[in-house]
Every structure is written in C-alpha cells, then in structure tokens.
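Chains as they are written, first to last, in my numbering: chain A, 1 to 408; chain E, 1 to 408; chain D, 1 to 408; chain X, 1 to 408.
Glycine included, every Cβ here is placed at the ideal spot set by N, Cα and C.
This one's a predicted model, so the numbers in the text were calculated from it and none came from an experiment.
Data first, discussion second: the structure below is written as structure tokens.
Protein chains: 4
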Amino acid sequence: MADTAFRVEFDKAPEDQVTKTHNRWHPDIPMVEWFKPGDEFRVECYDWTGGQINNDDSANDVRDVDLTRVHYLSGPFGVQGAEPGDLLVVDLLDVGALPASAWGFTGIFAKTNGGGFLVEHFPEARKACWDFHGIYTTSRHVPNVQWAGIIHPGLIGCLPDRALLEKANKREAALFATNPERVPPLLAPPYADTALMGQMQASEAKAAAAEAWRTVPPREHGGNCDIKNLSRGSRVYFPVYVKGGGLSMGDIHWSQGDGEITFCGAIEMAGFLDIRVDVIKDGINKYGVTNPIFRPSPIEPHFDEYLVFEGISVDEHTGEQLYLDAHVAYRRACLNAIEYLKKFGYTGEQAYIILGTAPVEGRISGIVDIPNACCTLAIPTAIFDFDIRPDAKGPSKKVNAVKVATTS
Amino acid sequence: MADTAFRVEFDKAPEDQVTKTHNRWHPDIPMVEWFKPGDEFRVECYDWTGGQINNDDSANDVRDVDLTRVHYLSGPFGVQGAEPGDLLVVDLLDVGALPASAWGFTGIFAKTNGGGFLVEHFPEARKACWDFHGIYTTSRHVPNVQWAGIIHPGLIGCLPDRALLEKANKREAALFATNPERVPPLLAPPYADTALMGQMQASEAKAAAAEAWRTVPPREHGGNCDIKNLSRGSRVYFPVYVKGGGLSMGDIHWSQGDGEITFCGAIEMAGFLDIRVDVIKDGINKYGVTNPIFRPSPIEPHFDEYLVFEGISVDEHTGEQLYLDAHVAYRRACLNAIEYLKKFGYTGEQAYIILGTAPVEGRISGIVDIPNACCTLAIPTAIFDFDIRPDAKGPSKKVNAVKVATTS
Amino acid sequence: MADTAFRVEFDKAPEDQVTKTHNRWHPDIPMVEWFKPGDEFRVECYDWTGGQINNDDSANDVRDVDLTRVHYLSGPFGVQGAEPGDLLVVDLLDVGALPASAWGFTGIFAKTNGGGFLVEHFPEARKACWDFHGIYTTSRHVPNVQWAGIIHPGLIGCLPDRALLEKANKREAALFATNPERVPPLLAPPYADTALMGQMQASEAKAAAAEAWRTVPPREHGGNCDIKNLSRGSRVYFPVYVKGGGLSMGDIHWSQGDGEITFCGAIEMAGFLDIRVDVIKDGINKYGVTNPIFRPSPIEPHFDEYLVFEGISVDEHTGEQLYLDAHVAYRRACLNAIEYLKKFGYTGEQAYIILGTAPVEGRISGIVDIPNACCTLAIPTAIFDFDIRPDAKGPSKKVNAVKVATTS
Amino acid sequence: MADTAFRVEFDKAPEDQVTKTHNRWHPDIPMVEWFKPGDEFRVECYDWTGGQINNDDSANDVRDVDLTRVHYLSGPFGVQGAEPGDLLVVDLLDVGALPASAWGFTGIFAKTNGGGFLVEHFPEARKACWDFHGIYTTSRHVPNVQWAGIIHPGLIGCLPDRALLEKANKREAALFATNPERVPPLLAPPYADTALMGQMQASEAKAAAAEAWRTVPPREHGGNCDIKNLSRGSRVYFPVYVKGGGLSMGDIHWSQGDGEITFCGAIEMAGFLDIRVDVIKDGINKYGVTNPIFRPSPIEPHFDEYLVFEGISVDEHTGEQLYLDAHVAYRRACLNAIEYLKKFGYTGEQAYIILGTAPVEGRISGIVDIPNACCTLAIPTAIFDFDIRPDAKGPSKKVNAVKVATTS
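Dropping the structure here:
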C-alpha cells in the first residue's frame, strides 16, 4: 500500500492540522510534497464540510453549515518535471471510506443557506445518513434501497495560474453584480475571512485570500466537478498551469447521481485516495485541451435495467416555454421521477435524495429540436428491493414508513 | 413476422401515398387502423425528409430542404380500450433499415435553414452518407470509424387532445413573439400550407392544419424526443389523451449521439418498426405520469472504455459566465471533444458529425455548483480503428484524407 | 444490402436445389463462388434438419429425424489469395431469421436417435416451438420466459485438406471401434448413402463421400462448434487448409445456452448470414493457430443479474467420484438448475429446454482441486417474467400450465 | 465497519493462534462465535499456505510447500436458528487485502508436489509475485499486463454432517484406491498428522482428524470451489447440515481465471471478508438444493472485448479422440491461447500464469456434438498494454524481457 502523503487529524479542527489544508484555489499555495512521475501515494481527506455534519437524526447541522468554511483540500502536491502546458496524468488507483468512519450523509440545503437544484420545491433543510456495508450502502432515513457505490472525489484539480485566476474572477464578478442580493446567491465571490491557504506565510496569505477562488464551481482546471464517473479506477488528464502542477483534492463521495441535485446531493464522507501521477509533456497543445479529460473505471457497478423519465424545457411553475434550456428539461425529468416514486410511498424529500445519491444517469438526449430540450433521467431498477416497473395493477407496494431528518 | 399495418410507397411522393401520412399533430387525425391489446404489427416509415436527401457527394439537398415538409409520420394507430388517462404500453420489438435502402445520411444544417447545436461554429450545409454492413456502419465521408447502431425512432407518441394542443400552442406563440425574425428561428409555429393531415377530410383538414402542432419539438406526449436509448427492444409508456391513443411514429435513426447535435445529427434513414401494444388503465394517475417513461433495450451495444470531455457554462465567444446553464456546458464539452479529434486529422465537420451520430453519452454531471454547470461527453474509444487515448507521444496517427460533402 | 451469394429454395428438398448444397466436409468440394478480400455477401441457410421439423405440437418429427440427412451447408466460398497457412478473416456482419419464417424449434432427442447431454434423465423425444417477436422470442410450450436472442451459426468453417481429413478419420475410427454398438453412438462415422457433395461430379462424389467427414462434431477447422457467442457482429479467424479457403456454414441458431445441452438444444431455424471476408497471409504461423479464434459481438444481450448453480464431478446415479471430470460437473450443475426450476412449476423437460436455449453461461470454474472439477451454470434472471431468486417465503409463484410437445 | 470476529496474528504460526484455526472439515469442530440473522462481521484470513510463500524471486518455496499444512480456515461461525435443511444466506459485503500486505503470489506447482492443469507441459515449480495498486495489480514477473481484481474467497462453506462426511470419504477412498501411487495423486485422503481442528478438545481432535476431510476439493457444501465470480458483493446460499451452520472461509484470491489452472493459479493473498448472514428456513427442500447457489456481484470488472480460443477433446500428446471430454477440450483451448501469447514474446510460464490469474472466462460451449466437446477460453484484451488482436502485420510487439521466478 502506498505511503500516506497527506494525513488528516480528524480529532482536530481544519485550522489546527499539522499538515496545513487549504479551502481556496490560488497559484501561490506552496506544495506540501513533491513526487516523481510514476510515484504512488495515499491522501486522506475531510468530508466536504470538515466535520460539521453529525451522524444523527436532526438536520439542524445542515441548516447551520457555514458554507464559507468547507472544501478543505488535501494538497497541493507537486510533480517533478510538470510545467505549464503539460498534462498531469492522475490515476485514481483507489478511493474509499476510512475504517473508523463507515458512514456518510446527504443534505437538502435550505433556500436560505445554499439551496439546490429543486430549491423552490424543497426549500427546507433536510438530512439523510447512510451506513456502509462493504460495497453497499443503506440509510435509516431512506427506505427499501441498497446499492454499491461509485466512490469518487467531488473535487480534484491543479492550481490555476494568475491569468486563469483573474479571468475567472472577472467573469464571475460580472455575473454576481447582476443580482448581488439573490437568495440563494448566483455564486460565491472571494471571501478572505475564513480562507485557509495551506502552508502560505501569513503575510502573503491575507492578500492572496482576497483574490483566491472559492471552491464551489468547477472551472477549467477541474475543481468541484462532481462527476460521478470520475471514480476509483479512473485515469484523469489535468491541464498544468503552474510548475509542478499542484494537485489538490477533497469532497469525497461514496455515491452520487448525475447532477448531484440536492447540492450536497452525494453521499458525503471523509476518506482516502490512492494516487499515481505521470506527465504528458506539452499535452495541452498536443491534444487541444481546455478542461480535464478522463477515462472511467472498469469497476463501476453495471446495471442492465433502467426506468427512464423524460423532461422538456417548459417551466413547471409558469408554464413558460424556454428555448433549448437543458437545465429546465433536466429539472422536469427529475420532478417526473419524484412524482413516480411518491406513488410507492416515498416522501418527496426521500425521492429527491435518491436521485441525488443513487447512480442515476442524467442525459442531454435532444438539444436541437426547437424550442424544447429533452433531458432524461435513468434510474437503475435494481437499487430497490421491490419491483418499481409499471404494470397493470399499479404500485401496490408501499415502502417502509421512515422519514428523513428534519430541523427542530 | 408481424403483418405490415402501414406501408410506404417509396416511389411516390408523401402527398400521393395510398395510406395517407401526416406531418402535423392534431387530436382529430383519424386512426388508420385499430388493434387490440397484445397485437403486433409492422410499420414502415419514411426518412425524416420524406426522400429529399440523396446518397451522393453534394450537400445542396441539405441546404435546400423544405423544413415545413418533413416528419411524415406513420399512423395514427388506435388501440381498443385505450382512453384518456391510460398509459399506452408500446414494445419496440424491432426497428431496422429496409432491405432496399441500406444507407443513411447526416446533415449539418445551414444557419439560414435549420441550424444546429454548434451553428455559430458550423454555419454552412454539409452532409455525410453512411453505408450499413449488417449491424455496423461506415461512411465514405468520415474516415476510420465503424460501430454498431442503436436503431431507434426519433419521433413517436400519441395524439394530443385539444387542451394539450392549445396549451403548447399558447406557450410557444409567446416565446416566438419575443423574436419572430430570429435566424435560425426560436421555434416552428403552425403552418398550414404544407400540412398533411392523414385521412382527415379536406374540409376539416384545412382548419385543423392552421392550429396543428409542427413536429419539431418533443412535448408532453413524446413526439420528436430523439432519445437514442429509446431503441429497438425498448418498452415505452405513453400518456393517452384521445380515445384509442393514436400512436404515430417516424424519423428513424440508425444511430445517434446524445443531443443529436448537428440537428439532422443522427444517421437518418427510412425503415420499419415492429410494434406490440398494450394498455395500463388509469396509468397516468396510478404512476403520476406527465411525459413518457421507458425501459431501454437489452441489446444496446455496450462499450467499456470511454474518453470523457468536460465542459462548463462559460460562453466560448464572449467568455461570459452563465448561471448553471447546461446547454452551454454541453456545448463546451462538445467543442472540447472536437478540438481533440482534430488533432488526429479529422476536420471540424467530421468531428461534429461523429459526435452527432456515434453512441456518445452526454451527461449533466454537476448542476448545483454555482455558477458552473458541468456537462460531460463520453466517446466510446472502440468506434475508432486506431487508439485515440492520450499518451506521451501525442497523436501520431492521422486519419484518412476524405472530406464531408459540401455545397456547390 | 449485400447481394445474395447462396440462395435456398425452401420449397424444394435439399437434394433438388439449383445451387447444390453439401452435408459432408471434404477437400475436393468445388467452390460455389469466389470473392475478393473485402467483399460482402449474403448467404441463406436451411435449418439444421433441412426442413424435417414442423411448427406443430407433436414431437414425432424429432423422434423420426434422419440424422444422416442434416446440416445442409451453404458454400463453400472461395476467397482469392487465400492459401493453406493463411487465416481467413470472417466478419459475421449480420445473422437473422428469414421474413417468411419467423419461428424456431428445440428438440430433446430420444436416446435411440441422437440423445443429448442429459439423455439418461430425458430419454424420450420432445419438442418446443418458438415464435419470434422482433428481437425477442417466446414459446407456447415453455411458459413465462422471454428473451432477446444471440443469433449465430452453429456450424461454420473452411474445408479441411487431405491430411486433416485423414487424421480426424483415423482418430475417430479408433474411438468408434471401442464400442460400435453403443446407443447413442460414440460418434458418426462416414456414411456415403445420404451424402450431398455440392457441385462435385457424381463420379468423384461417390468415392469422396465414403471418406468425407460427417458434420456432427467441431474439429480443428471449426465446423459444428455451437458456440453461442460466435454470433452476429463477431469477427472469426479460420485456419485455411485449401486454396481459396472454402468457407461453408449453416445450422443457424436464434439462441442457445452454453453447451447446447439438449443436442438440438438451440432454437433452430432457417436464416441468413451477411459475411465479409479478408485474409491474413501466413496467419497460422504468425499467431500459432490450431483452432479458430474469434472476437465476440458488441450487441450481445447483457444481463447483470444471474443465479448461478454449481456442480461437482460425482456421478448422480452411482455416487462415483470422478477425477476432474468437467463433463460430469457441468451435468450436475445443469441437473441442480433443473431441480430448482421445477420448484416453480416447470416440468423437467421445460427446464432442460430453457437451459439449452436461453443465454445461460456454462463455466469451468475450478479444474485443479483434486478430485472434483467444479462447473457453474449461470441463468440470467431477467428471462423470467417473475422473480426466481430465493427468498424466505419459498417459490410461491407457479408458472402457467403448458406442456412441451410429445410423441404419439 | 463491522467488528472483527476472527483475527489472524500474522506474526505467529497457524498452530499458535489465539483464535484457533482449522485446516480440515469435520462436523464436530466447535463454533468460534455465534451470530443472529442480519448480523455483520469481519473475518481475517491467512493466505492459503499460511505464510509459506515469500515476496521474492525464488520459486523454492513453491517447490517445497507442505500441502498437508494449508487452507487454514477462519471460523466456523454459528448462526442462531440455522438448522439442517435450511439455507444459510451469506452476503460477501466486501473482500480485500490487508493494509500491511498489499501483494499476492501465483505458483506453478511441480509435478512432484501438487501439479496443475497443464502439469505435463509445465512440470517445474515457478512463481510470480504481484503488487496491488489500489484496484489494479501488476507483476515484476509477468510483463505488460494490468487489471482490476475480482476479489473472492477460494474456499467457503458450512460444516458437513456425519452422513455427508462419510459419503464423500467413501467415494474418494474408492477412487484413490484405483491408483494410490499416482504422481500427482488422484486426491488428498484424510491425514491426521498435520490437522488443526480449531477449538476441538485434543482428546477428540485426534480421532476426528483421522476422518476429517482434506480441504482440497469442492464438495456438496461448497468448500474450495475457486469460483472467481463468487466475489465481493455476491450473495451465496449454502446448504446447512449442522445446527448453526458452521460457516468457515479462507484462501482469498485477489484475482483468478476460470479454472484456476496453475493449481495455485489465482493471485493468492491474505485478506479479510465482511460478512452478513441470514437464514431461509427449510430452504434446501423449498428450492431443491444440492450444492450452493449464488448471485454474482454488481461490481465485477466488465470487459467488452475478448479474444476467444477454442479447444476440442483430442489429446495433444497422443492425438487420441476423447468422447465429449470437456477437461481435455478446455486444456486444448488453454494451450492454444498460450501458443498465441508466446508469439508476442511471453514465455510459456508467463502465458500460463496469465490464464490462471486474469479474469479469463472458460466456457463449455458445445457438449453434445459427438465425439468432440468444444470449450472456449476468452481473454479480455484490455488487460494488455498493447493490442493483441490479430492483424495482417502479425505480432510485431514484443513484451518486456522479464522472467518468472524459478528454483535454485
């Protein structure tokens, strides 16, 4: 087994770690360790909230999360010989839970603190906790489902350089300015107060934090892509912007559906990654790369039967016709699936959480048939312990009467 | 083999068929034949242009297609006992090419006549023709690729009722009014002149045509969904709005990528469907259905290795930051893939056509990480006859020097 | 669609065809047509009995089949440039049923006329007929099952040369001599009376027929391999022994389980193959080839849930311990599966036929753990229209009361 | 994570463990712990040799293994309520390597000490060691291959009762008596000297050991089945013969090909299993069970491209024709694959080890076409880091020049 290059002391607060963590992206964050091409190493990671969420039956913690103090990342790691213009080849040799922490959580974030894809339909904070049983998971809050996880890091990428930092800051500032009071906000602008800048000297860190990227969105470098199939066993090709690359990662998911729709929609957990690094010199130019490219894993769970829901780009509240709006079309597909699942006794929150956490596939099926985008949501039928396929009798089965965690 | 319930006389124009075809949706189009639940029957279909495109090396025909004279549908078929509120269960027992017509075509539609997903990048009419070799296809216009098709109808659904007809007309009219002069247009409003209304009496047909839906978009009833996985072997559950259902279909695709991005992006062909029908009484209410639901086929080609491209919702022209815009994110993923393929010698048009026709998967991977949607495009590596995976040497292989068909 | 190179006149007896068929293997059978590398062509084939079996409810025809008048092959086809020592590359571009003949049959052969893998358990002639519904099949004789076929030729290969002919004749004669009176026989020795020798001159045909191979077993050249995964979409590499190769084929199966255990265990049918040929010069030596090699198809039906039965090499009648006998171990696995299926109401014959026809997988799982071979039989659970997995309640479901066809 | 119910002290010899292990099967071995239906627990296991093999470059240890001192099992575990006639439902929730021991080994056993499937071709002791890199493995002794493991216990089952014990002893003694001097032996008869009988009292253990089963073969209860697809994530249904069941397990494999052909053919390792138990009352009778039944895992690595080799039942040394002998047919298929791989520069031993360790599929394809059984061996092409498919150029690639470990 590879040596552990980044160790998390889970009994300490993120601010107090011996190996300094960072929760912002900035070109000048120093490498915590350097590796040679071909090296393998283990990285421990916090859950995305840095331990703010408890394995209990109250959603108060979800309601009260400080969203400026999240995404504590492990890294950055330098790779010898990696230079701007190269591709960093990263094998996710393994990703898993930590022995002492075989559980995860899913939050529906309140409209007033984060929101989510269906925030108008589910504006209140809710939580479900999940227990891991080897390769499988179940929840005491979501009945009659069990599946094998596609374990993956929600967040991984290389440090941006100054040009990319400024480009993204500029475009994001412009969008933010269009509606700075929006709830939930349009985006998370730089915010220095709660920034951790890794091993940066305090003197430099303060200025850097004022311009450092928040970690919420994916950007050209990767970052918080939340791609469920970028999972253990994958090979990823990251653009390199700074000398050494500066690979950082965190926000591990035991499982997630395409879109991660409840925002904290995956099964979130602390965990580890086993990493192998290599370099393709001048790879950005050789392959015309703007964003990361990856090859999925051979051990993703396979399902051969799905139930697929369609959605089109008509707003569900106003009936307004949108123009090829895949966002709305996917939202409608999700809402259609939720209505379906409710017929079997699931609450709306449970159905929402299933779509956020189970290995559902969200597709842009048709994007040219004006004016309707058609998106589809495919649910693997095998995750249910009963038959959810439509038949002439209708949904006679009712799931067990358990509820998700609410606030008090 | 099932009896042929709808026969197309391919040597006649659509207007001159003995069994009348229709190219609009309207509640009052009479059934061409009635079936009992459990019945099986064969349906022949035109290609989506009704024969306007030739198997040759000029894209003039694509440039000149009359887009008001397309989507000649086979049907509507009635099912005894099917009533509004039911679900019509439709098994696509088989879908295939016709023995006399073992070829298909893909068009890039000009900005001035149709357009497509990447219309600003590819504004001119282009065409590729495909030959079928049993389960495989190749093209003299797109080098070094071969794959097995996921044959499916682009267009299938039941007749709308008057309420649904009017609801969609109203919302579409409102959108159209926001920019009626746009090129390409925002949508296709009703247009009576070129309407074929099936077996409707001429006296009634004229009035109906003035309000009948154009066939371009998918809507609540299904219609032109262009979902590649709704393919031969699938079972589909359609909402029933009128007595008997009124199932119609057409626009057969030999293969398509998620999104059908070149507009006429599939491998388009004439062909047949073998259909079996059944009814779930009161199914809409029992299962909470708004749009069709389906179960995919067990014989889709399976691929275990993909190369996946990411895209985020930043406009490629202006650099503008969009808010969770999956349309733009998917466009960026497609553009990233095209740039990659060009490094192997493909022209942009060829790469665009590959993404439109090959069984690529387009996913909404992350839709909550403000402000960036993250979409992914996964290309099965096995469709190429060489290794397209990144390596240290870079893309040494260059594909054969053939070109897509252009206009004269 | 490829031109038809071999046409079967199904309304005539095999002896009376215009294009002469052959039912023996011999080096001197003349080519019926020559092709160039890269050529594609269609081949029509008889069902393996040449039309002796009817789509009815009596197994008399199975009981009475003349087993010396079977396996009427289509070919041999010559490929220009193919010489002894080469590999003939054969793409099975498509394999299918003929429009006028969308049905198939499965026979349990009587101990006194053919026998089968479980002949001591099922010594009487039985039959099941199957209807094709697009990609799916069902049977009026075998209840509650439906699946998509893996359509393949049971029999395909190149003509042997004289050396191979004589080598196999010699070794088979030696085995036959050990027990020439055995019922069923140890093998089928040459038999001239009912031989058809293609386009061979009558004067030569008589002598050749006396030494020509019977078609029953697979041999080095391929032949009657009955490999279910050598199916439509596969590429096969056949050793070439005579100038031009001499590719012949027949015995088309709509579906088969590993082992084809009821002897005529597949779903047997007449049909067609679309073939493309190519040559690898000196391929036998380059790749060290003794028997054919192949690459399976991308469109085999995929199943993700199986129920697997184990068997070990202990004789079920005597309790005798055999030494690493995979034949007996697989027989025990099959018998275990049959006992299981009987608990749901299937008759033994029906269960036997399911194992012979459905896409079950038969594995040599352990072959070194002295003295027991361990073989496994994996049944895809999705072929049943009810849940066959074990649970605490036991098998409450009983299948519909239909029977296989018997003799009168 | 489940509590560890059986802990192995790897720094002690098997004889000296605090929790007593057993290396024989006998009805009277006491349970080490009792569980309730639904309980989950972790079990640690020795590698199958109990630590006799080293991670080095000499095969002396393979040559010298004492085969009477192997298969140290963890258990037996009792389940409350399980009685003879029931089925014990065992979920293999996870199986894996131990953090301190991320390596495995494969041995070719010498003809004079164990032998293997191809013992006449490979009579000398050889060894390959494997390193684990997350979900992947590579070997310094076998070049140019890497794959993800299908981790599974080679050996698992319930204690036999006295009747089964005596039945198997009797039939095995009869076979052994036919050739007691054979090298390698026909089987392993009871042998008391090196028996460990778990927590049995010494006074009773001696007598029991004289009749206890050796662990080499699979039998009705399961045991050393070496089924690669009975892997982590599987559910297994074991017949119960004694009160409480008495579930024991060991011999963990990181990966194995069908047949485990080099005898110690898997990638052997120490490791752990996470187990969940349940009971189906009277399940043996309800489902007609003789041997264990199981459902495979959803996370087996999937491969969509194989190269398949055929073999028929003709002895490779004598040319003798065997009658439907699947053992010989599979041996010929394996030998054909080895000859093929040698053309790329692999030594025979390396090719043999690849077939024993990689996830190759061994099928009984045809078992009724007298006199030849046809077996097939399917190798996933993706395990090689180069293209092994046949082409016109022939195998230009030569693998790296490394060798397996030999004896000194």
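Residue pairing for S58(D): DSSP places it in a beta bridge opposite T406(D). Annotation: the continuous alpha helix (DSSP H) that includes K342(D) extends over A326 to K342. Not a single C-beta of chain D is nearer than 8 Å to the C-beta of D278(E). A Cβ-Cβ separation of about 17 Å leaves R219(A) out of contact with I364(E) under the 8 Å criterion. One Cα belongs to R42(A), the other to L118(A), and the distance between them is close to 36 Å.
The residues V183, in chain order, have a CB closer than 7 Å to that of T112(X) in the same chain once the five nearest residues on each side in sequence are set aside.
In the three-state DSSP reduction, P218(A) falls in the strand class (E or B). By the criterion of a C-beta distance shorter than 8 Å, D325(X) is surrounded in its chain by S313 and A373, once the five residues flanking it on both sides are discounted. Per DSSP, the unbroken beta strand (DSSP E) holding E361(A) starts and ends at E361 to G366. Neighbours of C225(E) across chain A, judged by C-beta separation under 7 Å: E310, S365, G366 and C374. Nearest neighbour of T376(A) by Cα position, chosen from D387(E), A378(E) and E361(E), turns out to be E361(E). Taking 8 Å as the cut-off, the beta carbon of F263(E) is found closer than this to the beta carbon of F109(E).
Within the stretch 288 to 306 of chain E, the residues whose Cβ lies closer than 7 Å to any Cβ of chain D are, in chain order, P298, I299, P301 and H302. Under the Cβ criterion of 8 Å, A382(A) is counted among the residues facing chain D. Cα atoms of R126(A) and N291(E): separation of roughly 28 Å, rounded to the nearest angstrom.
The beta carbon of M269(E) sits closer than 6 Å to those of D47, A97, G104, I252 and W254, all from its chain and outside the five residues before and after it, given in chain order. Any Cβ of chain X closer than 8 Å to the Cβ of I156(A) would place that residue at the interface, and such an atom is absent. The DSSP assignment places no complete alpha helix (DSSP H) segment of no fewer than 4 residues inside the stretch 96 to 166 of chain E.
Contact between the stretch 49 to 64 of chain X and the stretch 120 to 139 of chain X is established, with three or more Cβ pairs separated by less than 8 Å. Beta-bridge pairing by DSSP links A378(E) to V308(E) and E361(E). Annotation for E40(X): the continuous beta strand (DSSP E) segment containing it runs E40 to C45. Non-local beta-carbon contacts of S234(E) in its own chain, meaning distances under 8 Å to residues more than five positions away in sequence, involve D91, L92, H152, F294, R295, P296 and S297 in chain order. Residue pairing by DSSP places L247(A) opposite F77(A) and C158(A) in a beta bridge.
Of all residues in the stretch 260 to 272 of chain A, only E260, I261, T262, F263, C264 and G265 place a beta-carbon less than 9 Å from a beta-carbon of chain E. A residue is called buried when at least 16 other Cβ atoms come within 10 angstroms of its Cβ; H327(E) meets this threshold and is buried.
With distances taken between CA atoms, Y346(E) lies nearest to A401(E) out of T381(E), K286(E), D278(E) and A401(E). In the three-state DSSP reduction, I354(X) falls in the helix class (H, G or I). Of all residues in the stretch 72 to 84 of chain X, none is placed with a Cβ closer than 7 Å to any Cβ belonging to chain D. When the five nearest sequence neighbours on each side are left out, the beta carbons in the same chain lying within less than 6 Å of the beta carbon of G265(E) are those of G356, in order along the chain. Beta bridge pairing from DSSP links S396(E) with no other residue. Setting aside the 5 residues that flank it on each side, P371(A) is surrounded in the same chain by S313, Q321, L322, Y323 and L324, each with a C-beta closer than 8 Å to its C-beta; the list follows chain order. With contact defined as three or more Cβ pairs closer than 8 Å, the stretch 234 to 248 of chain D and the stretch 337 to 353 of chain D are not in contact.
Listed along the chain, the chain A residues whose CB falls inside 7 Å of the CB of Y136(X) are L93. Buried is the label assigned to P14(X), since at least 16 other Cβ atoms lie within 10 Å of its Cβ.
Taking CB atoms only, I370(D) has a neighbour in chain X less than 8 Å away. Comparing alpha-carbon positions, the option among L67(A), T4(A), Y72(A) and K397(A) lying closest to D16(A) turns out to be Y72(A).
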